[in-house]
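Colleague: Those sequence lines, one after another, are chains A and C. Here the working numbering is used: the first residue of the first sequence is 52, the next is one more, and so on. Here the working numbering is used: the first residue of the second sequence is 52, the next is one more, and so on. For each residue, glycine too, the CB sits at the ideal point set by N, CA and C. Can you keep this structure in mind? I'll have questions shortly.
There are 2 protein chains.
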Amino acid sequence: MRPSRHATLLEVAREANASKTSVSRYFGGERERLSPSLQRRIAQAARRLDYRPNQMARGLKGGRSRLIGMLVADIRNPYSVAVMHGVEQACRERGYSLLVGNTGNDPAQERTHLALLASYRVEGLVINAAGSPGRELQSLADQGLPLVLLDRWLEEVEADVVGLDNALAVDMAIDHLRRQGYRSLLFLSEPPGQASPRQQRWQRFEQRLAGEPNLHGERRDLSPGEPDAAREILQDFLAWAERPAVLCANGNVTLAATRALQALGARLGEVGLLGIDELDWCELVPPGITTLAQPTEAIGRAAVQQLLARLDDGTPPQPPRRTLYPARLNARGSTRLAAFAKNHDNDCDKEQR
Amino acid sequence: MRPSRHATLLEVAREANASKTSVSRYFGGERERLSPSLQRRIAQAARRLDYRPNQMARGLKGGRSRLIGMLVADIRNPYSVAVMHGVEQACRERGYSLLVGNTGNDPAQERTHLALLASYRVEGLVINAAGSPGRELQSLADQGLPLVLLDRWLEEVEADVVGLDNALAVDMAIDHLRRQGYRSLLFLSEPPGQASPRQQRWQRFEQRLAGEPNLHGERRDLSPGEPDAAREILQDFLAWAERPAVLCANGNVTLAATRALQALGARLGEVGLLGIDELDWCELVPPGITTLAQPTEAIGRAAVQQLLARLDDGTPPQPPRRTLYPARLNARGSTRLAAFAKNHDNDCDKEQR
DNA sequence: TTGTACGCGTTATCAA
DNA sequence: TTGATAACGCGTACAA
Numbered sequence: 052m053r054p055s056r057h058a059t060l061l062e063v064a065r066e067a068n069a070s071k072t073s074v075s076r077y078f079g080g081e082r083e084r085l086s087p088s089l090q091r092r093i094a095q096a097a098r099r100l101d102y103r104p105n106q107m108a109r110g111l112k113g114g115r116s117r118l119i120g121m122l123v124a125d126i127r128n129p130y131s132v133a134v135m136h137g138v139e140q141a142c143r144e145r146g147y148s149l150l151v152g153n154t155g156n157d158p159a160q161e162r163t164h165l166a167l168l169a170s171y172r173v174e175g176l177v178i179n180a181a182g183s184p185g186r187e188l189q190s191l192a193d194q195g196l197p198l199v200l201l202d203r204w205l206e207e208v209e210a211d212v213v214g215l216d217n218a219l220a221v222d223m224a225i226d227h228l229r230r231q232g233y234r235s236l237l238f239l240s241e242p243p244g245q246a247s248p249r250q251q252r253w254q255r256f257e258q259r260l261a262g263e264p265n266l267h268g269e270r271r272d273l274s275p276g277e278p279d280a281a282r283e284i285l286q287d288f289l290a291w292a293e294r295p296a297v298l299c300a301n302g303n304v305t306l307a308a309t310r311a312l313q314a315l316g317a318r319l320g321e322v323g324l325l326g327i328d329e330l331d332w333c334e335l336v337p338p339g340i341t342t343l344a345q346p347t348e349a350i351g352r353a354a355v356q357q358l359l360a361r362l363d364d365g366t367p368p369q370p371p372r373r374t375l376y377p378a379r380l381n382a383r384g385s386t387r388l389a390a391f392a393k394n395h396d397n398d399c400d401k402e403q404r
Numbered sequence: 052m053r054p055s056r057h058a059t060l061l062e063v064a065r066e067a068n069a070s071k072t073s074v075s076r077y078f079g080g081e082r083e084r085l086s087p088s089l090q091r092r093i094a095q096a097a098r099r100l101d102y103r104p105n106q107m108a109r110g111l112k113g114g115r116s117r118l119i120g121m122l123v124a125d126i127r128n129p130y131s132v133a134v135m136h137g138v139e140q141a142c143r144e145r146g147y148s149l150l151v152g153n154t155g156n157d158p159a160q161e162r163t164h165l166a167l168l169a170s171y172r173v174e175g176l177v178i179n180a181a182g183s184p185g186r187e188l189q190s191l192a193d194q195g196l197p198l199v200l201l202d203r204w205l206e207e208v209e210a211d212v213v214g215l216d217n218a219l220a221v222d223m224a225i226d227h228l229r230r231q232g233y234r235s236l237l238f239l240s241e242p243p244g245q246a247s248p249r250q251q252r253w254q255r256f257e258q259r260l261a262g263e264p265n266l267h268g269e270r271r272d273l274s275p276g277e278p279d280a281a282r283e284i285l286q287d288f289l290a291w292a293e294r295p296a297v298l299c300a301n302g303n304v305t306l307a308a309t310r311a312l313q314a315l316g317a318r319l320g321e322v323g324l325l326g327i328d329e330l331d332w333c334e335l336v337p338p339g340i341t342t343l344a345q346p347t348e349a350i351g352r353a354a355v356q357q358l359l360a361r362l363d364d365g366t367p368p369q370p371p372r373r374t375l376y377p378a379r380l381n382a383r384g385s386t387r388l389a390a391f392a393k394n395h396d397n398d399c400d401k402e403q404r
């Protein structure tokens, strides 16, 4: 049997002894306009032939594909998946389907996928971009395709942005660590590259530490090529740091840092550890790893909402809009320095809940 | 600007002073048949108008949507995501795009999504089903739509199956635990319900233990409703069991069991712990959790390959085919009873590598 | 090598 | 309330 032999609108019409138009109306949500008997005939015929409207043909005629496209930088990243979950839900609720492309952080694949999604005439695009196919994106935006950038954003593209309030998150992290009594902060990140959230987090960190004479801070990057880099960096850091704590810029870094600290035999808490991004295992590794959780699902839903708002909007294009969400602090054992209080005189501020 | 104003084939043809046919050929992969000058003219015109072929119209004409549909039971399950990654890669490599639906283990949503995917005329369907929309699936299969069932399978549906060799996996688990010196085995699972892999794993477990007089085994189910169930079950188990080990039927269970064991203050290794499904954190929780990893990416790729094989196949329908992959054992500290050898006389067999 | 004409399955417009 | 007909954007015989 070849790919599929589907019944068509016309066949249903014939079977029901009705016209194409009536059948179209029946399935197009205008049943009320048909007489009960006609409705019954069509319903029966459609059931007999196992008819399903062809969304492709629909899209062709009406220009509405009912498709939302999503570009994901790394589908194996729990953050991306969590957001995708929100996107998918919101889409379904509003009657859209989701066409996803995983780009594996490869700009070339990003372009390919972008072209592909465009060719399916998606009505909106949610993008978690790796490289910056800025030109391609802008060209799509110019054609009137609503765009939402997730988390990372590109200055050169005119699009809405939805993501985490990175400055606030870093503030929360620093405040928490300071209150817990840590004094030396290591900001551990992957190379910022083009990825704006990493840059923002680092910038805020730098900025905040300039205003905190009691805190010492530095930043180190984890290049993906060198698996042992984390251990060496942390070894250096622990060698001189007093009341040290590590602030991990994302989930990957938290994983690497946790491994490295374990390899070094460090005790979590005595060495502070706080990660941005919440992960399943964070409360599992004793004594629990403190995290700043992103409201991933809300972010995903907000992205779709933005998209559809633009679609429905008849007014001239609004200026790009930024929707930023606050992180939520999950305080756990890895930042409970007090548990190790020994020779430190008691100069930690109180943790306020 | 309304949704999009796209250039059409016809406009390009006019702009290039050529015919529709030539432009169609240019983009349909028959450039060689056009004279160099014509090619140039078309290329330029297309670029000027930022033309992109409309995949919808293409699909309409040729009956080839170039779309593969995938139904995922739970998109936040790392196993599902890992397989999806393989599926997506394989699709892209063969020029297909992936339309995904997350069903959240809800049969109703499953049906909805199925209808949706069908309406986009996907050329094949990869299904990780929760409930069993058997009738709907069979009806799609009858229409000639190639189906691949992932992991869980439905007896009543005539479709290919790709997944883990569950019997072999359980064998590997039991052999490993026995060799390490464990004698009391607890098979911890979510309620099997319709999900065939859980049933298979449990059946094999039962079967194997019947033939092992030295081993004692039992099974308990973790109902999702009661978060503390795991702790109680394990407490009971540890109260009587000698050289106890827990075999977790999937990643979720491993997570719950690990939490519960920690809450009970049990030491991993002294109490054996082996999970089916590999997860990021498994090597992180000291002393490392032993797992049986599924070759998720291979499974995803195999699913697509099956699908496309059926598509290309002109011969009459072959009987459904099962492709089963072996698991890979990651032996870690959580099953190293030897580390706790004290009063046990040394009757553990040697672990063979 | 290039162009003409028709049909894919659907919706929109208009007329009955 | 119903039906006929013309698009939608593209592929493909077939003819030139």
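Flag this pair as touching only if the stretch 219 to 238 of chain C and the stretch 319 to 328 of chain C have three or more C-beta atom pairs under 8 Å; answer yes or no.
Modeller: Enough Cβ pairs lie closer than 8 Å, so yes.
Colleague: Per the DSSP calculation, N301 of chain A is bridged to which residue(s)?
Modeller: None, per the DSSP bridge assignment.
Colleague: How many angstroms separate the CA atom of G268 of chain C from the CA atom of R282 of chain A?
Modeller: Roughly 42 Å between the two C-alpha positions.
Colleague: What would DSSP say about P377 of chain A, mapped onto helix, strand or coil?
Modeller: Correct three-state label for P377 of chain A: coil.
Colleague: Let me know if R387 of chain A comes out buried or exposed under the rule of 16 or more other beta-carbons within 10 Å of its beta-carbon.
Modeller: The residue in question, R387 of chain A, is buried, as its Cβ has 16 or more Cβ neighbours within 10 Å.
Colleague: Where does the unbroken beta strand (DSSP E) through T59 of chain C begin, and where does it stop?
Modeller: Per DSSP, T59 of chain C belongs to no beta strand (DSSP E) and is neither H nor E.
Colleague: Can you tell which of A:R379, A:Q231, A:I284 has the C-alpha that lies nearest to the C-alpha of T430 of chain A?
Modeller: Coverage of chain A is limited to positions 52 through 404, which leaves residue 430 of chain A absent and any answer about it impossible.
Colleague: Below 8 Å, how does it come out for the stretch 126 to 144 of chain A and the stretch 105 to 115 of chain A: are there three or more Cβ pairs, yes or no?
Modeller: With a cut-off of 8 Å, the stretch 105 to 115 of chain A and the stretch 126 to 144 of chain A do not count as touching, because too few Cβ pairs lie within range.
Colleague: How would you label A314 of chain A, buried or exposed, when you count the other beta carbons within 10 angstroms and need 16 or more for buried?
Modeller: Exposed, since its Cβ has fewer than 16 Cβ neighbours within 10 Å.
Colleague: Cβ of S385 of chain C less than 8 Å from any chain A Cβ?
Modeller: So, not an interface residue.
Colleague: If we call anything under 8 Å between Cβ atoms a contact, is V213 of chain C one with A124 of chain C?
Modeller: Not closer than 8 Å, so no.
Colleague: What's the C-alpha gap between R270 of chain C and Q231 of chain C?
Modeller: Cα-Cα distance, rounded: 20 Å.
Colleague: Apart from the five residues on each side of it in sequence, which residues of its chain come closer than 7 Å, Cβ to Cβ, to R61 of chain A?
Modeller: Strictly speaking, residue 61 of chain A in this sequence is Leu, with Arg absent from that position. Cβ within range, chain order: K71.
Colleague: Are the C-beta atoms of S75 of chain A and some chain C residue less than 8 Å apart?
Modeller: It does not: the Cβ of S75 of chain A has no partner Cβ on chain C nearer than 8 Å.
Colleague: Does the structure place the stretch 251 to 268 of chain C close enough to the stretch 175 to 190 of chain C that three or more beta carbon pairs sit under 8 Å?
Modeller: No, the stretch 175 to 190 of chain C is not in contact with the stretch 251 to 268 of chain C.
Colleague: Going along chain A, which residues have a C-beta under 9 Å from V304 of chain C?
Modeller: Going along chain A, no residue has its Cβ under 9 Å from V304 of chain C, so there is no contact; the nearest lies around 13 Å.
Colleague: Opposite A344 of chain C in the DSSP bridges: which residues?
Modeller: According to DSSP, A344 of chain C bridges with C:R379.
Colleague: DSSP three-state label for G351 of chain A, please.
Modeller: Helix, per DSSP.
Colleague: Going straight from the alpha carbon of L118 of chain C to that of L149 of chain C, what length do you get?
Modeller: Near 6 Å, if we compare the C-alpha coordinates of L149 of chain C and L118 of chain C.
Colleague: Work out the CA separation of A166 of chain C and P368 of chain C for me, nearest whole Å.
Modeller: Their backbone Cα atoms lie some 23 Å apart in a straight line.
Colleague: Does the beta carbon of G244 of chain A come closer than 8 Å to any beta carbon on chain C?
Modeller: By this cut-off, G244 of chain A is not an interface position.
Colleague: Quick check on R117 of chain A: does DSSP put it in helix, strand or coil?
Modeller: Looking at R117 of chain A - three-state DSSP - the assignment turns out to be coil, as it is neither helix nor strand.
Colleague: How close, in whole Å, do the beta carbons of V409 of chain A and V336 of chain C come, if the pair is a contact with beta carbons under 8 Å?
Modeller: Outside the shown range of chain A, which is 52 to 404, sits residue 409 of chain A, and nothing can be said about it.
Colleague: According to DSSP, simplified to helix, strand and coil, what is N265 of chain A?
Modeller: Looking at N265 of chain A - three-state DSSP - the assignment turns out to be coil, as it is neither helix nor strand.
Colleague: Can you give me the C-alpha to C-alpha distance between R76 of chain A and L168 of chain C, rounded to a whole angstrom?
Modeller: Cα to Cα, the separation comes out at about 21 Å.
Colleague: On the three-state DSSP scale, how would you describe V322 of chain C?
Modeller: V322 of chain C falls in the strand class under three-state DSSP.
Colleague: So what does DSSP say about D222 of chain C, is it helix, strand or coil?
Modeller: Note: D222 of chain C maps to helix in three-state DSSP.
Colleague: Taking buried to mean at least 16 other C-beta atoms within 10 Å of its own C-beta, is P197 of chain C buried or exposed?
Modeller: P197 of chain C is buried by the Cβ-count criterion.
Colleague: Does DSSP classify A296 of chain A as helix, strand or coil?
Modeller: Note: A296 of chain A maps to strand in three-state DSSP.
Colleague: Along the stretch 171 to 183 of chain C, what residues have a CB closer than 7 Å to any CB found in chain A?
Modeller: Cβ contacts with chain A: Y171, R172, E174.
Colleague: Out of A:L237, A:R99, A:A159, which has the shortest C-alpha to C-alpha gap to C299 of chain A?
Modeller: If we check each option's Cα against that of C299 of chain A, A:L237 comes out closest.
Colleague: Enumerate in chain order the residues of its own chain whose CB-to-CB distance from R234 of chain A is below 7 Å, with the five nearest sequence positions on each side excluded.
Modeller: Result list for R234 of chain A: N265, L266, H267, E293, R294, in chain order.
Colleague: Measure how close the beta-carbons of G110 of chain A and R65 of chain A come, nearest whole angstrom, since I'm counting them as under 8 Å.
Modeller: No, G110 of chain A and R65 of chain A are not in contact; Cβ-Cβ is about 24 Å, not under 8 Å.
Colleague: Is there at least one Cβ from chain C nearer than 8 Å to E139 of chain A's Cβ?
Modeller: E139 of chain A counts as touching chain C.
Colleague: With a threshold of 8 Å between beta-carbons, can L260 of chain C be considered close to chain A, or not?
Modeller: No, because no Cβ of chain A sits closer than 8 Å to the Cβ of L260 of chain C.
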